[in-house]
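The sequence shown maps to residues 3 to 416 in the numbering used here. Glycine included, C-beta positions come from ideal geometry on N, C-alpha and C.
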Amino acid sequence: MVNQGRWYTQLHWQIFIAMGLGIIAGLVGGKEFVPRVEWLGTLFIRLLKMVIVPLVIFSIVSGVASVGAGRNLGRLFSKTLGYYVLSSFLAILVGLVLVNIVQPGAGANIAGAASNAIPELQTPSSPADLLFRMVPLNIVAAAAAPNMLGIIFFCILFGIAIATLPAKPRIVLSDFFDAGFQAMMKLTGWVIRFAPIGVFGLITRVVGLTGFESFRALGLYMLTIAAGLSIHLFLTLPLLLMLLGRIKPKIHFRNMIEPLTMAFSTSSSGATLPVTLSTVEKKVGVSNKVSSFVLPMGATINMDGTALYECAGVLFIAQVLGVELSIMQQMVVVITALLASIGAAAVPSAGLVIIFLVLDSVNLRGPEVDAIVGTMLAIDRPLDMFRTSVNVFSDSCGAAIIARSEGEENVDAE
C-alpha cells in the first residue's frame, strides 16, 4: 500500500477543493469577478503547453530505444508491438464510435466557447496527403509549428535507429535521452502541482460566464468516457484473451485484482509496474523471460485507456465548438491518438498533457479550446484512475497472450 500522506496533501483532493471554491467564486462574483482570476487558468494551460514538445521527444525516443535494443527484429518484440498496436487501436475505435453516437458536446456552451469563431481545420485531401504530413521536411520547423504527427513519427524512427547502433554510441544516446526524460518528468510534475490553482481560475471563468450550463455536457462526457473504458476493459480485452490466448477472462481478472487496485489508487502504470511484474509471474504464471520484456515495454508504450481518452476528448471539444470533423479529420485524430499514446508518460494526468498533441493535429487550438481542456481537468481524476487500470490490465493481457503463443501452458490455469 502506497503511503499517500494526509488527505489534504493529495493532488486530487486539492483539485476537488479548488473546483468547489471556483464554483462559489463564479456564482458570487459573476462575470465581473472573472477577469481577476481567469489569468491563473491561462497561465496553467501555457505551462502545460510549454512541456509538451520536449516531454514527447524525450519520452518516445528513450522508450523506443530502450525496449528495442538488440531485439527490435526478434519474434518476441514483433508479437509484443503487434498486440499493443492492436489493443490501442481497438480502444480508440470504441471511443470514436461512442462519442459519435452519444454526442456529449453537441449544443454545449462551455465558457462561451460555442459562441466564438470556428477554427479553420487542417484537412488532408487523401491518405497519401496524410502520410506526407507524418514525414516532416524539417524536424525543427515541425517542433516549432508544432506538427505533432511529424514529431512523433520522427521520434519513433529515431528511437529505433538508436536501438540498432553498436553498444557504445547506443548507450551514450540512450543515457542522454533517458536523463532528459527524467528531467522532463520532474518538470511536468511541478507543472501538474500547479493544477489546483489553475482549476480555480478555469472553473471560476466557466461558472461566472455560463453558470451550471457547462456541467451537463461535462457529466455526459464523463459517462461516455467511463462507458468506453468499461467496454474495452470488460468486452474487448476479454475477447482478445479468449481469441488470441485461449484464456478464460474470469481467471485472469481474479489473478490481477491486486495490480488493478494499485493502478486505480495511484493513477500510474509506472508506479504499479513492480506489483504487476510480481503478480503476472506468480499468479498468472507467465515466465520471467516474457514478463520482464512485455510488461516494462507496455508501461512505456501501451496506453489503451489514454488512447481512448485522447480520441474521445478531441471529438468532444470539436462538438462543443460546433466543428464537424470529416472522415479524414477523424482518421488524423485516430492515428495521432495511437502514436501519442506511445509517448504518454506513465504518471498521473499524463493524458492531460498529451491531449494537446491530438488537438494540434487537426488545428484545434486557441483560448476557447484551452478553456474547455482546463474545464475537463476538473473531472479528470476519476477518469485518470480508471484509464490507468485499463492500461495495466491490457499490459497483463498482452503478457498472458504472448506467453501462450510462446508455448507456456500454465498461464491462467484453473
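For the alpha helix (DSSP H) holding residue i, just list the boundary residues, first then last.
{"i": "Ser407", "result": "Asp382 to Ser407"}
{"i": "Met186", "result": "Ala169 to Arg195"}
{"i": "Ala320", "result": "Asp306 to Leu323"}
{"i": "Ile94", "result": "Arg77 to Val104"}
{"i": "Ile253", "result": "Pro251 to Asn257"}
{"i": "Leu243", "result": "Leu239 to Gly247"}
{"i": "Gly376", "result": "Pro369 to Leu379"}
{"i": "Val142", "result": "Ile141 to Ala146"}
Who are the Cβ neighbours of residue i in its own chain at under 7 Å, not counting the five residues just before and after it?
{"i": "Ala185", "result": "none"}
{"i": "Leu42", "result": "Ile199, Gly200, Phe202 and Gly203"}
{"i": "Pro251", "result": "Pro240, Leu243 and Met244"}
{"i": "Lys81", "result": "Ile404 and Ser407"}
{"i": "Val193", "result": "Leu49, Leu50 and Val53"}
Skipping 5 residues on each side, what residues in its chain have a beta carbon closer than 6 Å to that of residue i?
{"i": "Ala93", "result": "His234, Asp306, Ala309 and Leu310"}
{"i": "Gly24", "result": "Phe202, Ile205 and Thr206"}
{"i": "Pro261", "result": "Thr274, Val277, Thr278, Thr281 and Val394"}
{"i": "Arg256", "result": "none"}
{"i": "Gly28", "result": "Thr206, Val209 and Gly210"}
{"i": "Val104", "result": "Thr226"}
{"i": "Thr238", "result": "Leu92"}
Tell me the rounded alpha-carbon separation between residue i and residue j.
{"i": "Ala197", "j": "Arg389", "result": "19 Å"}
{"i": "Arg1", "j": "Ser328", "result": "Outside the displayed range of the chain (3 to 416) lies residue 1, so it cannot be described from this structure."}
{"i": "Ala20", "j": "Thr377", "result": "12 Å"}
{"i": "Phe91", "j": "Val392", "result": "14 Å"}
{"i": "Lys285", "j": "Leu98", "result": "35 Å"}
{"i": "Val364", "j": "Gly315", "result": "13 Å"}
{"i": "Ser68", "j": "Ser407", "result": "24 Å"}
{"i": "Ile253", "j": "Thr44", "result": "48 Å"}
{"i": "Phe178", "j": "Gly31", "result": "50 Å"}
{"i": "Thr190", "j": "Ile154", "result": "19 Å"}
{"i": "Leu297", "j": "Glu40", "result": "42 Å"}
{"i": "Lys291", "j": "Ala301", "result": "16 Å"}
Go ahead and label residue i buried or exposed: buried means 16 or more other beta carbons lie within 10 angstroms of its beta carbon, across all protein chains shown.
{"i": "Ala342", "result": "buried"}
{"i": "Met244", "result": "exposed"}
{"i": "Ala143", "result": "exposed"}
{"i": "Thr134", "result": "As written in the sequence, residue 134 is Phe, which differs from the Thr given in the question. By the neighbour-count rule (16 or more Cβ atoms within 10 Å), Phe134 is not buried but exposed."}
{"i": "Gln418", "result": "Only positions 3 to 416 of the chain appear in the structure, and residue 418 is not among them; the question remains open."}
{"i": "Arg383", "result": "buried"}
{"i": "Tyr10", "result": "exposed"}
{"i": "Ile374", "result": "buried"}
{"i": "Thr166", "result": "exposed"}
{"i": "Gln331", "result": "buried"}
{"i": "Ser232", "result": "exposed"}
Ignore the nearest five residues each way along the sequence and tell me which others in residue i's own chain have a CB closer than 8 Å to its CB.
{"i": "Phe217", "result": "none"}
{"i": "Asn102", "result": "Leu317"}
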